[in-house]
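K.L.:
One structure, as structure tokens, below. Some questions next.
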Amino acid sequence: MRNHLTKAMYAAAIVAVTLSSCSKNNDGPDDPNPEPPVEEGTRWITLTAAFPDVAGTPGNGGTLAYALSHEQAIDPNHVVRIFDSGQGFSLKSQRTARVQGSADGNFLYNIQYTGADGGVFNKYSVHGGGEFEEVGDELNTAVILGTSPRWTKAAEGIGVGVSFGEADDPYTGEAPNFVYRNPKGSVRMAIINLNTTGITNTGSADIELGEELEAQGYHVWRADVPVLNEAQDKIFIGLGIRRHDVNGTVTYNNNGLVNGWQMTNERDLGTTTLVVDYPTLRNPKLITSTVANTDNLSYRTMTQYVGTDGHIYQAATSMGSGHQILRISSSTDDYDDTYDFDLNAALGIQDAGIRAFRYIQDGIGVVLYTRSTVAGGYVALVDLNAKTATKLTTEQETDEGFSGSQFTFPQYQNIGAHGDYVYVPLTPTGKDGNLYVINWKTKEITKGAQLVNGTGSHFLGAY
Amino acid sequence: MNQFLSTAFLLLTTLAAFGQTGELHGTITVPSGEPAVGASVTLQPGNSATMTDEAGRYSLKNIPYGDYTLVITSVELVAQKISISINQTRQRKNILAEPNAASQLEEVSVVRATEKRQMEVSGFAVAVVETKEASLRNLTTNELLDRTVGVRVRQNGGIGSQIEYNLNGLSGSAVGLFLDGIEISTYGSSFNLNNIPPAMIERIEIYKGVLPSHLTGDYVGGAINVVLKKDASQNNITLATSYGSFNTFQSDIGATFRDKKSGFSARASGFHIYTDNSFTTWGRSTTYVNHLQQITRPYRAKRFNNTYKSIGGRFEAGFTDVNWADQFFLGYNVSDTYNEIPHGTTMAVPYVGRFTEYQAHVLSLNYNKRDFLIDGLALSVNAVHSNRSTYLQDTVGLAYNWDGTVREVIEFGERVPLRTTGGGQQGEKTITQVDRKITNARSNLGYTVAPGHRVSLNHKFEMTDRNDSDLLNPINRDLVTVSDVTKNILSFNYEAQTLNDKLITNLLVKYTANRTNRSRPEIVTQNGQNTIIRRDTTTFADNFGYGATVSYNILPKLFIIASGENAYIMPNETHLYGDPEINILPNLNLKPEKNVNYNLGFRWGAFDFGKHKLSIYGSAFWRNGFDKITQQVVDADEIENEEDADIQTTRYINLGKTQARGVEGEVVYIYDNRLNAMLNFSKFNNLFKGGVDGSGEAHDLYNEQVPNEPFFTINANVQYRLNNIFQKQSILNLYYNTGYVGQYYIVWGAPEWSETPTQFTHDIGASYRFPSGKLVASLDVKNLFNAEVYDNFMVQKPGRGVYIKLNYTISKFL
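In structure tokens, the structure reads:
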């Protein structure tokens, strides 16, 4: 009896839910974009876009996804209304989802950023338009990586999440005469098998900068952008480094709880990367560049890739503060300090800051950059071998809706690439824009599909 | 004792004076043991007559010896004639009267509802919940509130879990919670609506929107005021105990005593609650995570980490109805609670070993006097001083699954227990204690200028002294920022009854003044030597608010009720000064939030159609918030360390606008005083009216429903009374209650995956009053069909539960 009743209730609930969702769809505006036909073998280009949070912070509220074909992508008459009801697919995440995609465009991977299921990994299969299907197991990464995780697709089929933590307090002793102590901590790592959806190994690495640097106040505060090398035996993890003023004293909060030590901006330490063995996660080692001293941290995008030549190309940039691309040699697994790609030099300007970088093939990459003296968001095709750059002109590139600190470029997540083409959706925050398609071989840029934007919103990436 | 001696003395003198006449005295009670108050007692022939007093006593004197008929009449009682011979000088006759089934309910409801009715037609948008009936059943105060029109109780799980109240779409700090007009937080987390049993409560007033001057504060969403039992006119003791599902024990005891001659009165009450909250959850939020961190959901699991224990007592002594005071009480309130925290805001990760302990010692003073010093002047003072503490411990460093086992992970290739980051269940391992000393006083001086015209002046004073200690990492007090916040609210109220008392108007003016003294330490290095200096700042802010209410008795039994206000909410200390520990920057330029609220409604009835009675209530509300104090992510350009921008540095700003508009209604139907049915609903649109985005355009979410708030609820209940079932003079009540909550979404944009499904629950219950009237037994089945019910962020609430309760009243002692 009880079972029957329960079943009946479930059935009623399902009917109710179904009915209500039907009626919602019917209430929506007329569908201006009939769903593209789902063909087997179509290489979908998935676009993502984010809307604002309640306080009005652009792009911070949640993420929608919409997939289109290459033909639609290059068609300037095609209109994508991702924000309209029933169009964009809402990826699970209370705030902006941290999305990665498979090389064939068939899957999206996301770890939810904060909210009820912050830190939960989801995998979606892509079927065109707003059709996405959740596939595989959900993974709970929250305990290992936190509810606002930093992770990337480190190689095809392999995700790596990293989290710096368990740092010592930066002081010993009693008020008011505290003594500085270097806040050493460790990086926790998790390997996610994106094909079978499982966390197949985890580990943690104690960070040792060495006594000399530690005595000068240098310390690690974040780990980010893990990438796997070509041999798939090492993971390279970008580190955020700060420096305490060892002659200063503690900082403390209202409750009198000492919460830090005074900082200094003086820095004489190169870009530093943590290297661990894959898949054992053992043998942590730090490598440091002598060419650049900007951290290899991204805000929301991936900034290091394995090149066709097997070397790792790493944009030394942290929130648009750097203009160099470094090389980690495939033979030594260490920085190749003879190599330095300088975007400023290549473009003949002084104020470029790399916001997003994607290595395409054969030394060619695409860079999205902002400039500290001029508003706007710019696109350049770079040749990492010839150390040249070609600025590609886009229609709205001087719009300040790209460069404001919470606008499109600082939040950019992914530059899409497939075959000869690179896909770059460009919408200044709150304004309509276009999907630009670049033929990286011919250096030709096409203004493609129209992207209808919402206020406080922007398109974040293509996959 | 005194009373009896004096009565005996009186009787003796009577006897001596009148010889051949007799005196008849006694008490009249109804089967429940309660006295029949105000019943008329007539002796025929001769027609000497009297009325029973508040204890049901009567006495007739100077009766010539002979045979008589004693006639008892009252609207509450079946008329009774009793033959009696007077043949003794002092004769006692106690009478058991039968309640008048037809009119008892009416009479009781009229008498009891006087206050309720008066408040409901006073012009404020108010609902009054009476607890008398509920106190005999297995109902908690929160369940009662949740069934009330326009109220939604948001509870994060079972008994003892964190609660928020949503009044017509506004919740959180917008809603004030009061105990006898004093903020309930003064009494600490160990004495709140989670554990105060309905038996201790006289009634609960729920004001939506505009607040009367005796409840002023920084609340624009309204307030819930719990009025504890004040009555001490009878000597009685009540005992109640209940046991039910999830190993839940709840007991309470109450005693009142009054010495009629001296007016000395005392009340004592206490409660004890123990529950394992070991209910089963099986919804989407319950998960099992294997060693590969793969999630199985939904998963069926029984809660294992959710014990709640609470014990408390309240003792008051003083004088009632003496010439210098209508009421004067000194009180002591003590409470102690142990509460395991089973999960965070969501059920994503179960916690083991995270718990809090609350303790509070509260002293109170309560003074009421009508015609204070001069005729027509009334003074009431309610002052409370509390010493409360909150202890939090979280030191278990392993992660758990909902089945109670330790989660596993592959670490360096081996399967090992999963340790948490930080060594606690919710981040860093923690042991903290917060001690607060709070003084809170409210006084009201009212004066009747002329009949129907009354002015009153209300003053509220509040001072908080807070002391945090980190027991795991002891801190040096020299570095603590000391702030004391003093808040004064002065309000003036003019109430007039005009047009033959058909029109009641209320004008309210409120003045709020906040003073914050803050002393922040700074470490200064001089000649290589650190010293601590203090920087003191004082901020002062004040504002005026005003409001008005109107009630017009347009037709017999039809009242039109309207109210409106324009009020401000002051930013609090965290809003102004920020909190570096949680990355909130200061913003001293914050303006107070402005709120404009309107309510318009009617009350119609109760209409009598023979055996049918009907009353209808309906109301519409419109709430507008301006300059809402909202947390905003700080523009990275303004942060010195640019990378800080993505660890969510925020500050509070004045931004945007909110709007809630909606309607609520209630229909009550009574048939033949046996069937009592009520249906109410509340539906509102709580819309986001956000300001502009970063590029100065209207917000993309403009006009969207605010997520994670249910906005359509229906409640219905039916009660049916049967007399003389099983035993003569017994009363059996049958109850049915149903609740409906429309679907809502927990994130913006209403994506399907964030849907909280429609919820529909049914509860049934029965209570049986034994013929003696002293014992009442009740049985309740809650969530009869074991429906999947949720609250905040998909936290699942208990399924079916069965509870039994026994109540015993000793109405005469001493």
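These protein sequences, in sequence, are chains W and A.
The first sequence finishes on residue 463 if you use the UniProt record's numbering, and the numbering steps up by one all the way, no holes.
The second sequence finishes on residue 814 if you use the UniProt record's numbering, and the numbering steps up by one all the way, no holes.
The beta carbon of each residue, even a glycine, is placed where N, CA and C say it ideally should be.
It should be emphasised that the depicted structure is a prediction, and the values quoted were computed from it without experimental measurement.
1. Please classify proline 425(W): is it buried, with 16 or more other beta-carbons within 10 angstroms of its beta-carbon, or exposed?
2. Could one say the Cβ of threonine 301(W) lies closer than 8 Å to chain A's Cβ atoms, at least one of them?
3. In its own chain, which residues sit with a C-beta less than 6 Å from the C-beta of aspartate 231(A), not counting the 5 before and 5 after it?
4. In three-state DSSP terms, what is glycine 244(A)?
5. Provide the residue(s) that pair with arginine 222(W) in DSSP beta bridges, ordered along the chain.
6. As a quick exercise: from His343(A), Gly376(A), Ala378(A) and Thr395(A), pick the residue whose alpha carbon is nearest that of tryptophan 402(A).
7. Along chain A, which residues have their Cβ under 7 Å away from the Cβ of arginine 188(W)?
8. For the candidate residues Gly86(W), Ser93(W), Leu108(W) and Asp53(W), whose alpha-carbon lies nearest to that of leucine 47(W)?
9. Candidates Val789(A), Ala541(A) and Gly66(A): which alpha carbon is nearest isoleucine 86(A)'s?
10. With a threshold of 8 Å between beta-carbons, can phenylalanine 51(W) be considered close to chain A, or not?
11. Ignore the nearest five residues each way along the sequence and tell me which others in glycine 397(A)'s own chain have a CB closer than 6 Å to its CB.
12. Just to confirm, is the Cβ distance from glycine 181(A) to arginine 388(A) under 8 Å?
13. Excluding the 5 residues flanking alanine 79(A) on each side, which residues of the same chain have their C-beta closer than 6 Å to its C-beta?
14. Below 7 Å CB to CB, which residues in the same chain sit around isoleucine 629(A) once its five sequence neighbours on both sides are set aside?
15. For tyrosine 187(A), name the three-state secondary structure that DSSP assigns.
16. Between the beta-carbon of threonine 370(W) and the beta-carbon of serine 318(W), is there less than 8 Å?
17. Out of Arg535(A), Lys260(A), Asn786(A) and Pro35(A), state which residue places its alpha-carbon closest to the alpha-carbon of glutamate 98(A).
18. Give a yes or no on whether the minimum CB-CB distance between tryptophan 748(A) and chain W is below 8 Å.
19. Given 7 Å as the limit, tell me if glutamine 796(A) has its C-beta closer than that to any heavy atom belonging to the ligand COA.
20. Could you name the residues of chain A that lysine 92(W) contacts, counting a contact when the two beta carbons are closer than 7 Å?
21. Answer yes if the segment 315-325 of chain A comes into contact with the segment 273-288 of chain A, meaning at least three C-beta pairs across the two stretches below 8 Å, and no otherwise.
22. Where do the ends of the alpha helix (DSSP H) carrying isoleucine 144(W) lie?
23. Name, please, each residue of chain W whose Cβ falls closer than 9 Å to the Cβ of valine 789(A).
24. Under 8 Å, Cβ to Cβ, is there at least one residue of chain W near threonine 464(A)?
25. Anything in chain W within Cβ reach of asparagine 530(A), meaning under 7 Å, just list it in chain order.
26. Taking 8 Å as the cut-off, decide whether the C-beta atoms of threonine 202(W) and asparagine 193(W) are in contact.
27. How far does the beta strand (DSSP E) with aspartate 321(A) in it extend, from its first residue to its last?
28. Below 7 Å between beta carbons is the criterion; list the residues of the segment 187-214 of chain W that meet it against any residue of chain A, in chain order.
29. Using a beta-carbon distance cut-off of less than 9 Å, what residues from the segment 129-160 of chain W approach chain A?
30. Using a Cβ-Cβ distance under 8 Å, would valine 289(A) count as near chain W?
31. Could you pull the DSSP bridge partners for histidine 272(A) from this structure?
32. Could you round the C-beta distance between residue 466(W) and glycine 363(W) to whole angstroms and report it? I think they count as a contact, below 8 Å.
33. Could you confirm whether any beta carbon from chain W is found closer than 8 Å to the beta carbon of methionine 361(A)?
34. Is the Cβ-Cβ distance between threonine 288(W) and glycine 270(W) less than 8 Å?
35. Would you say isoleucine 489(A) reaches chain W, if we count a Cβ-Cβ gap shorter than 8 Å as a contact?
36. Beta-carbon of aspartate 326(A) versus every beta-carbon of chain W: anything under 8 Å?
P.N.:
Working from what's here:
1. Counting from 1 along the first sequence, the entry for residue 425(W) is found at position 425. A residue is called buried once 16 or more other Cβ atoms fall within 10 Å of its Cβ, and proline 425(W) is buried on that count.
2. Residue mapping note: residue 301(W) aligns to position 301 of the first sequence, counting from 1. Threonine 301(W) is outside the set of residues whose beta carbon lies under 8 Å from a beta carbon in chain A.
3. The sequence position of residue 231(A) within the second sequence is 231, counting from 1. Excluding positions up to five away in sequence, the list is empty.
4. In the second sequence, counting from the first residue as 1, residue 244(A) sits at position 244. When DSSP states are grouped into helix, strand and coil, glycine 244(A) belongs to the strand group.
5. Within the first sequence, numbered from 1, the residue matching residue 222(W) stands at position 222. Gly240(W), per the DSSP bridge assignment.
6. If you number the second sequence from 1, residue 402(A) lands on position 402. For the residues His343(A), Gly376(A), Ala378(A) and Thr395(A), the minimum Cα distance to tryptophan 402(A) belongs to His343(A).
7. For the purposes of this step, residue 188(W) is identified with residue 188 of the first sequence, where counting begins at 1. Thr421, listed in chain order.
8. In the first sequence, residue 47(W) corresponds to position 47, counting from 1. Minimum Cα distance to leucine 47(W) is reached at Leu108(W).
9. Taking the second sequence and counting its residues from 1, one reaches residue 86(A) at position 86. For the residues Val789(A), Ala541(A) and Gly66(A), the minimum Cα distance to isoleucine 86(A) belongs to Gly66(A).
10. As a first step, residue 51(W) is located in the first sequence; it is residue number 51 there, counting from the start. Yes, because at least one Cβ of chain A sits closer than 8 Å to the Cβ of phenylalanine 51(W).
11. Indexing the second sequence from 1 puts residue 397(A) at position 397. Non-local beta-carbon contacts of glycine 397(A) in its own chain, meaning distances under 6 Å to residues more than five positions away in sequence, involve Arg419, Thr420 and Gly423 in chain order.
12. By 1-based counting over the second sequence, the position of residue 181(A) is 181. By 1-based counting over the second sequence, the position of residue 388(A) is 388. In this structure, arginine 388(A) does not lie closer than 8 Å to glycine 181(A) by Cβ.
13. Stepping through the second sequence from its first residue, residue 79(A) is reached at position 79. Around alanine 79(A): Thr73.
14. Position 629 of the second sequence, counting from 1, holds the residue named residue 629(A). In the same chain as isoleucine 629(A), and ignoring 5 residues on each side of it, the C-beta atoms closer than 7 Å to its own belong to Pro571, His575, Leu590, Glu593, Tyr652 and Asn654, in chain order.
15. On the second sequence, position 187 is the one that residue 187(A) refers to. DSSP places tyrosine 187(A) in helix when its eight states are reduced to three.
16. To locate residue 370(W), count along the first sequence from 1; it is residue 370. To locate residue 318(W), count along the first sequence from 1; it is residue 318. No, the pair does not count as a contact, with Cβ atoms beyond the cut-off.
17. What you label residue 98(A) is simply residue 98 of the second sequence in a count that begins at 1. Checking every option, the nearest Cα to that of glutamate 98(A) belongs to Pro35(A).
18. Translated into positions along the second sequence, residue 748(A) becomes position 748. By this cut-off, tryptophan 748(A) is an interface position.
19. No copy of the ligand COA occurs in the structure displayed, which carries no ligand at all.
20. On the first sequence, residue 92(W) is found 92 positions in, with the first residue counted as 1. The answer, in chain order, is Trp753.
21. No, the segment 273-288 of chain A does not touch the segment 315-325 of chain A.
22. Mapped onto the first sequence, residue 144(W) falls at position 144. In the DSSP annotation of this structure, the continuous segment of the alpha helix (DSSP H) that includes isoleucine 144(W) starts and ends at 142-145.
23. The residue given as residue 789(A) occupies position 789 in the second sequence. None at all; the shortest Cβ gap to chain W is about 11 Å.
24. Counting from one through the second sequence, the residue named residue 464(A) turns up at place 464. Taking Cβ atoms only, chain W never reaches closer than 8 Å to threonine 464(A), which makes this a no.
25. Taking the second sequence and counting its residues from 1, the one referred to as residue 530(A) is at position 530. Result: Pro176, Asn177 and Thr249.
26. Against the first sequence, residue 202(W) aligns to sequence position 202. Against the first sequence, residue 193(W) aligns to sequence position 193. If you check the CB distance, threonine 202(W) and asparagine 193(W) do not come in under 8 Å.
27. Position 321 of the second sequence, counted from the start, is the residue given in the question as residue 321(A). Per DSSP, the continuous beta strand (DSSP E) segment holding aspartate 321(A) begins and ends at 308-322.
28. Taken in chain order, the members of the segment 187-214 of chain W whose beta-carbon sits within less than 7 Å of a beta-carbon on chain A are Arg188, Thr197, Gly198, Ile199, Thr200, Asn201, Thr202 and Gly203.
29. Answer in chain order: Glu134, Gly136, Asp137, Glu138, Leu139, Asn140, Thr141, Ala142, Val143, Ile144, Leu145, Gly146, Thr147 and Ser148.
30. Counted from its first residue, the second sequence places residue 289(A) at position 289. So, interface residue.
31. Here residue 272(A) is taken as the residue at index 272 of the second sequence, counted from 1. The partner list for histidine 272(A) (beta bridge, DSSP) reads Ser251(A) and Ile311(A).
32. Outside the displayed range of chain W (1 to 463) lies residue 466(W), so it cannot be described from this structure.
33. On the second sequence, position 361 is the one that residue 361(A) refers to. At residue 361(A) the sequence reads histidine, which differs from the methionine that was named. Output row for histidine 361(A): interface = no.
34. Position 288 of the first sequence, counting from 1, holds the residue named residue 288(W). Position 270 of the first sequence, counting from 1, holds the residue named residue 270(W). Result yes, Cβ atoms of threonine 288(W) and glycine 270(W) sit closer than 8 Å.
35. In the second sequence, counting from the first residue as 1, residue 489(A) sits at position 489. By this cut-off, isoleucine 489(A) is not an interface position.
36. Position 326 of the second sequence, counted from the first residue, corresponds to residue 326(A). By this cut-off, aspartate 326(A) is not an interface position.
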